[in-house]
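Notes to accompany the following structure.
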């Protein structure tokens, strides 16, 4: 049986991968198999637990703060509702989907898929549904939202007193379990349970599905994948042009995202505007240098590193560069994995803004820079997902011949 490497396109025989806890592609060293500590049953237990915990985590109060005899409580959606009412509908939509809606959709669907696999059911929707749950892995962000809540709570507690409520503890547990689910899910085993790989005859011309890596005859191009339902293509459609357009749009928005304020706060009758760098400076002045370093990495370093990395990949593909192919492939994988964590800053606003609503004494609202920053994160994530790293290997091979 044969699978195709999703990063360089090289074919690998599953018999050579069997029994290894970590098996890498012989060409690009991509981890094709990770069997250690992973099972379908464990992933189902973790996924179902995450979904169950998300319900009270979304509906019950997360935190309560006190100021001069007044108190304010917030549920997970409070900051998103505040953003919508303040006229930041696009920002509210992005955070509402990634922080609330998509996690519920992902873990409910993933639980249904894993339960079907364990029970031996093979309905027609199983492959496409599992493909969508894997696609949602990057866009469902309870773990990122949790980190934003932690940073927001730390900033609020500098000047106010407060407490974490029942919903907060449930959300902490749900976010933690979402990460455990990701660590225990054996993706390749689930795909094989849905439909096994096929044998490739010597000299046969084949292509591999860009979603589930199933190998199929080249003549099947344009037809739905028999395992996941995605249209079979040798490479992702218009990968370079789409990635370039999305990266360019993100680059343009990166300047207002860093130069315009992220929040507008009212402190004892005086309006104070905070940019990303201002928030970092405040954290350092308060002695919270670990959080300051974290925000520098997630909100400044990673977004610009993603943009420069995408530019490198696109130029390399167009020029047919043969240099540092493994390094570029690994860097693309790293960008794809870390891109979602740049949303910490906007989730922080959603966490602490609804808690600081004390009229003329103190209040906080989002500003224009927050929308620009959220769009930079979304566009860079979409760019890395649109790009096909196999094009770099194709271009280098074409130049050699």
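In my numbering, the protein residues as written are 348 to 748. Ideal placement from N, C-alpha and C gives every residue a C-beta, glycine not left out. Remember, it's a predicted structure, so these values are computed and weren't measured experimentally.
Determine the direct distance from the alpha carbon of residue j to that of residue i, and round the result to whole angstroms.
i	j	result
residue 604	residue 641	18 Å
residue 580	residue 601	33 Å
residue 468	residue 577	21 Å
residue 405	residue 386	28 Å
residue 589	residue 356	20 Å
residue 528	residue 395	9 Å
residue 620	residue 508	23 Å
residue 591	residue 658	8 Å
residue 585	residue 680	19 Å
residue 611	residue 504	18 Å
residue 694	residue 377	32 Å
residue 553	residue 670	27 Å
Using CA atoms only, rank isn't needed, just tell me which of the options is closest to residue i.
i	options	result
residue 354	449, 485, 672	672
residue 496	408, 536, 720, 668	408
residue 636	675, 583, 502, 712	502
residue 428	736, 696, 738	696
residue 709	593, 718, 357, 418	418
residue 727	535, 562, 619, 595	595
residue 523	700, 399, 378	399
residue 517	397, 703, 421, 500	397
residue 498	643, 470, 531	643
residue 379	482, 392, 352	352
residue 438	413, 725, 482, 543	725
residue 519	679, 403, 372	403
residue 514	662, 737, 401, 663	401
residue 676	663, 688, 686	663
residue 487	360, 446, 703	446
residue 698	661, 421, 472, 465	421
Ignore the nearest five residues each way along the sequence and tell me which others in residue i's own chain have a CB closer than 6 Å to its CB.
i	result
residue 630	638, 639
residue 583	557, 735
residue 682	653, 656, 731
residue 485	687
Would you mind giving the Cβ-Cβ distance between residue i and residue j, rounded to the nearest angstrom? I have them listed as a contact below 8 Å.
i	j	result
residue 645	residue 512	Contact doesn't hold; Cβ gap of about 26 Å is too wide.
residue 560	residue 526	About 24 Å separates the two Cβ atoms, so there is no contact after all.
residue 480	residue 456	5 Å
residue 574	residue 542	4 Å
residue 565	residue 738	So it is not a contact: roughly 17 Å between Cβ atoms.
residue 483	residue 449	6 Å
residue 649	residue 685	6 Å
Which residues in the same chain have their Cβ closer than 7 Å to the Cβ of residue i, if we skip the five residues on either side of it in sequence?
i	result
residue 667	742, 743, 745, 746
residue 389	531
Who are the near neighbours of residue i in its chain, counting only those whose CB is closer than 8 Å to its CB and skipping five residues on each side?
i	result
residue 435	713, 717, 718
residue 443	424, 427
Report yes if the C-beta of residue i is less than 7 Å from at least one heavy atom of the ligand ADP; otherwise report no.
i	result
residue 602	Absent from the structure shown: the ligand ADP. Ligands present: none.
Please specify which runs of the alpha helix (DSSP H), each continuous and at least 4 residues long, are wholly inside the region 563-641, giving them in chain order. Secondary structure within the region 563-641: the alpha helix (DSSP H) runs of 4 or more consecutive residues, fully enclosed, are 586-606, 623-632 (chain order).
Which ranges does the alpha helix (DSSP H) cover as unbroken runs of at least 4 residues, wholly within the region 503-561, from first to last along the chain? With a minimum length of 4 residues, the continuous alpha helix (DSSP H) runs that stay inside the region 503-561 are 513-531, 534-541.
Could you name each continuous beta strand (DSSP E) segment of 3 residues or more that falls completely within the region 365-446, going from the start of the chain to the end? Runs of the beta strand (DSSP E) inside the region 365-446: 369-371, 378-381, 410-414, 417-421.
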